[in-house]
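Notes follow the structure.
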Amino acid sequence: MLKIYNTLARDKQEFRPIDVSKVRMYVCGMTVYDYCHLGHARVMVVFDVVQRWLRASGYDVTYVRNITDIDDKIIKRAAENRESIHALTQRFIDAMHEDADALGVQRPDHEPRATQYIPQMLDMVAQLEQNGLAYQAADGDVNYAVRKFDGYGKLSGKSLEDLRAGERVEVDSNKHDPLDFVLWKHARPDEAAEVQWDSKWGKGRPGWHLECSAMGSELLGKHFDIHGGGADLQFPHHENEIAQSEGAHQCQYVNYWMHNGFVRVDNEKMSKSLGNFFTIREVLKKYDAEVVRFFILRAHYRSPLNYSDAHLDDAKGALTRLYTALKSVTAQAAAVGWNGDYALRFKDAMDDDFNTAEALAVLFDLANEVNRTQSPSAAAELKSLAGVLGLLQRDPQEFLQGGAGAGGLDDAAINALIESRIAAKKTKDFAEADRIRKDLLEAGIVLEDTPNGSTWRRA
RNA sequence: GGCGCGAUAGCAAAGCGGUUAUGCAGCGGAUUGCAAAUCCGUUUAGCCCAGUUCGACUCUGGGUCGCGCCUCCA
């Protein structure tokens, strides 16, 4: 039985979908005005694994991950670049897809863009206004009246009084209450027509929180199973989503809220504002994408994850061990059989709030068995279980010999050197054989002699 | 100030009230011409102080330290 840590309950709970065999899941995706960084990579990989595990468990999953393509930062960046909003966002949507594909992240079933759901958002504002939860302020903005919604704070565990004590909320005299948030922003005279939509409250554009509420209910219904995102979205974004959706629809919005932990650099949150971020494509120049995916899945999704080259090197070494086991024994393609000891341990780990760290430990035990017994069925099990996590699906040789940098030895040169070393060994000229091996090692090539000849991999 | 999370061996990172986590690194052995890879064995743990218990890294309370949210953020 799958258990999920539900932020709403602050506890692990047994997962019971609304429809017995179906799971409807929404994850907050990217605001597309720049390249994705490692923090974005974590959300994508973590919820990709959630989605994969739900499917592996037999559920019919509908997975939605939105794209925010209208927002203050996008408008600002487009103006700086002197390009249209559309050109800017399309460019970074394409880049995001490249990054996600490289990391083995499967495409969600739907990737709704905010600008394509403006009518649904306006309907929602109208419904909120009708329910007495929204009002148009003097400046033209339509705001959400937070104090009129009873459950405000139930997700983040904050009370309105506590928030007030924080004194960090900017005072805006147009709001009835400083904690009210914007549903519909009135158009400014200097803003391009591209960022203005007509509405009964005048020209304007949606507030950030509104899109997820509107797109979620449009694609998954007013009440769905799982909503995920980074821990920094818990408040205010997800809290506001609940206020909007439940305030408009008068029913429970989401049953299970999941939040992944941050990627850190030097023990600090990786973020745009701190400027301490590494883009995915930057990291992929140096490390294999599967190594990055493995690095992310090595930690539990709610734990902090420290980024450094040393940690990536460590992940690379660990993944190399798994591929090395598969190199020695051919694994025929096989569906996962869930009756074996390893498979059951793996399943228990994944069912325990997606404990990928534990699941990977099972993979290493299985790799030991493969190395020990050279059993093709054990190798097949290793490959199929890893496949559930989106790992180990490549040809081992390709992984182990991949990553040649520019200027390095190519395969032909390596093989030629190996041939001459074998010739030297035949004449017992070990000094020459060792010299060749040393030269190769200095070029980043590790030789492994086996009874059947020599193989190589990149260090 | 309010709310929340965490502290595990040299590094990284899990489970668990009593029995080997796991990966890397180290040490000993097997194997090898020597290595590498692999296998076998093995050294390093559980922030501090109390309490509960026959027994706590694991539960409870109190400290200390770190991190996050309260403002855009995955």
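Read left to right, the first sequence gives residues 643 to 1101 (the working numbering).
Every residue gets a Cβ at the ideal spot worked out from N, C-alpha and C, and that includes glycine.
Here Gly-1044 is not near Arg-963, since their CB atoms are 9 Å or more apart. Between Thr-1097 and Ala-1021 the beta-carbon gap is near 17 Å, outside 8 Å, which marks them as no contact.
Inclusion of Pro-761 and Gln-693 in the CB contact set at 9 Å is not warranted, their separation being larger than that value.
Shown here for Leu-764: same chain residues with a beta carbon closer than 7 Å to its own, the five before and five after excluded, namely Ser-841 in chain order. Counting only runs that start and end inside the stretch 773-861, the beta strand (DSSP E) elements of at least 3 residues fall at 776-778, 784-786, 823-828, 846-848. Take the alpha-carbon of Lys-1067 and the one of Ile-1078: they are about 11 Å apart. Rounded to the nearest whole angstrom, the CA to CA distance from Asp-676 to Val-767 is 29 Å. The stretch 1058-1065 makes no contact with the stretch 1024-1040: fewer than 3 CB pairs, one atom from each, lie closer than 8 Å. Straight across, the Cα-Cα distance linking Leu-1083 with Leu-1089 is about 8 Å. Per DSSP, reduced to three states, the secondary structure at Ile-660 is coil, with no helix or strand assignment. Annotation: Gly-863 to Leu-730 spans about 31 Å, alpha carbon to alpha carbon. Taking 8 Å as the upper bound for CB-CB distance, Arg-707 and Gly-746 are not in contact here, some 15 Å apart. A direct Cα-Cα distance of roughly 16 Å separates Ala-976 from Val-1012. Per DSSP, reduced to three states, the secondary structure at Val-1088 is strand. Ser-1096 has Asp-1091 as its beta-bridge partners, per DSSP.
Counting other Cβ atoms within 10 Å of its Cβ, Ile-660 stays below 16 and is therefore classed as exposed.
Secondary-structure assignment with DSSP links Asp-874 through no beta bridge to anything. Taking the Cα of Leu-926 as reference, the smallest distance to any Cα among Leu-650, Gln-732, Glu-740, Lys-715 is reached at Glu-740. A residue is called buried when at least 16 other Cβ atoms come within 10 angstroms of its Cβ; Asp-736 does not meet this threshold and is exposed. Collapsing the DSSP output to three states places Glu-753 in coil. Two segments are said to touch when three or more pairs of C-beta atoms, one from each, lie closer than 8 Å; by this definition the stretch 868-880 does not touch the stretch 776-783. Using a Cβ distance threshold of 9 Å, Ala-787 and His-818 count as a contacting pair.
Of all C-beta pairs linking the stretch 998-1010 to the stretch 926-943, three or more are shorter than 8 Å, placing the two stretches in contact. Distance check between Ala-952 and each of Phe-791, Arg-944, Val-933 places Val-933 closest, using alpha-carbon atoms only.
DSSP places Asp-990 in the uninterrupted alpha helix (DSSP H) bounded by 983-993.
In terms of CA proximity to Thr-649, Ile-868 leads the group Ser-801, Asp-1071, Glu-833, Ile-868.
Bridge pairing for Lys-654: Tyr-647 [DSSP]. Proximity to Gln-758 across Phe-791, Tyr-647, Glu-860 peaks at Glu-860, based on C-alpha coordinates.
When secondary structure is reduced to three states using DSSP, Asn-723 falls in the helix class.
Per DSSP, Asp-1007 is one residue of the alpha helix (DSSP H) stretching across 998-1015.
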